[in-house]
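Student: Below is a structure I'd like to ask you about.
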Amino acid sequence: MLIWRRRELENYFLEPSYLSQSKFFNGDKEQLSKEVLKLANEQIYMDAANQVINELRERLRDTKIKHFKKPAEFVNRASALNQLRCVKEFKTIPSMVTSQLEAEKLERSLDEQLNKMTGGEAALAFGRGNWLSLIDGKRITQKIFGNKKMFKVRDGNDSDIKGPERVRQIAKDLLLQPNQPSDFIELKKLIEARMK
């Protein structure tokens, strides 16, 4: 059985040592690390709240609870907890499962997710916590790849490539690099073995 270790494929593209291998990378590795951390810090509370919703969805199978989408509404733990307490779908859930939604349980679940992601520290750091695996990697990757100061992606006419094509070009280049994250190597071996 194949177990995906990170939330999304894009989470691998958040590692500065891997990102800086791209032929399109035109920045400073230290600045790249700071930018990834800045963007991750901007959405860590929203992503932790969304993880709480994922847990609730698992426990309350038939309940449709929407994920949050605006990191600006999640500036700290208190705002994340407030957003969780105000989810309108929670008000329509039958009373026999409302015990799952008690304020203390929501708070405990949010704290567990934050501790898991941050390693118990206020500020994110590489090598501490599981944020690199659990955070919404797509959102950050698009912003990093879209940064023209860090990545120069040009077409045949020397015009800057934008949007999804830019993201595709950088990702494709990274996937062709000789040094890959160990998970990628394992995944490739599993796929090759199954194709034989």
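Count the sequence shown with our numbering and you get residues 32 to 227, in order. Backbone N, C-alpha and C define an ideal beta-carbon position, used for all residues, glycine too.
My understanding is that ILE192 touches ARG185, with C-beta atoms under 8 angstroms, so please give their C-beta distance in whole angstroms.
Tutor: Indeed, because the Cβ distance is near 7 angstroms, the residues count as touching under 8 angstroms.
Student: Go ahead and label GLN74 buried or exposed: buried means 16 or more other beta carbons lie within 10 angstroms of its beta carbon, across all protein chains shown.
Tutor: Buried: at least 16 other Cβ atoms inside 10 Å.
Student: Specify whether the segment 67–85 and the segment 100–113 touch according to this definition: at least 3 beta carbon pairs, one from each stretch, less than 8 angstroms apart.
Tutor: As far as the Cβ criterion goes, the segment 67–85 touches the segment 100–113, which means the pair count is three or higher.
Student: Residue ranges of each alpha helix (DSSP H) run of no fewer than 4 residues wholly in the segment 73–133, ordered along the chain?
Tutor: With a minimum length of 4 residues, the continuous alpha helix (DSSP H) runs that stay inside the segment 73–133 are 108–116.
Student: Unbroken alpha helix (DSSP H) runs of length 4 or more, entirely within the segment 188–220: which are they?
Tutor: You should have 194–206.
Student: Got a sec? Which residues, its chain only, sit under 8 angstroms from LEU141 by beta carbon, not counting five neighbours each side?
Tutor: Answer for LEU141: ALA79, ALA80, VAL83, ARG108, ALA111, LEU112 and LEU115, listed in chain order.
Student: Is LEU165 near ARG36, with beta carbons less than 8 angstroms apart?
Tutor: No. Outside cutoff.
Student: Against chain D, does GLN144 count as a neighbour if the rule is that its beta carbon must be under 8 angstroms from one of theirs?
Tutor: The question asks about chain D, but that chain is absent: this structure has only one protein chain.
Student: Who are the near neighbours of THR149 in its chain, counting only those whose CB is closer than 8 angstroms to its CB and skipping five residues on each side?
Tutor: Excluding positions up to five away in sequence, the list reads ILE75, LEU155, ARG159, GLY160 and TRP162.
Student: In whole angstroms, what separates the C-alpha of LYS253 from that of ALA202?
Tutor: Given that the chain is displayed from residue 32 to residue 227, the structure contains no residue 253 and the question cannot be resolved.
Student: So, at 7 angstroms on beta carbons, what are the nonlocal neighbours of LYS179 in its own chain, with the 5 sequence-adjacent residues on each side left out?
Tutor: Counting only Cβ-Cβ distances below 7 angstroms, and skipping sequence neighbours, we find ASP191.
Student: Which same chain residues end up closer than 7 angstroms to GLN173 when comparing Cβ atoms and leaving out the 5 residues on each side of it in sequence?
Tutor: Within the same chain, GLN173 has close Cβ partners VAL198.
Student: Are the CB atoms of VAL67 and ILE216 nearer to each other than 8 angstroms?
Tutor: No.
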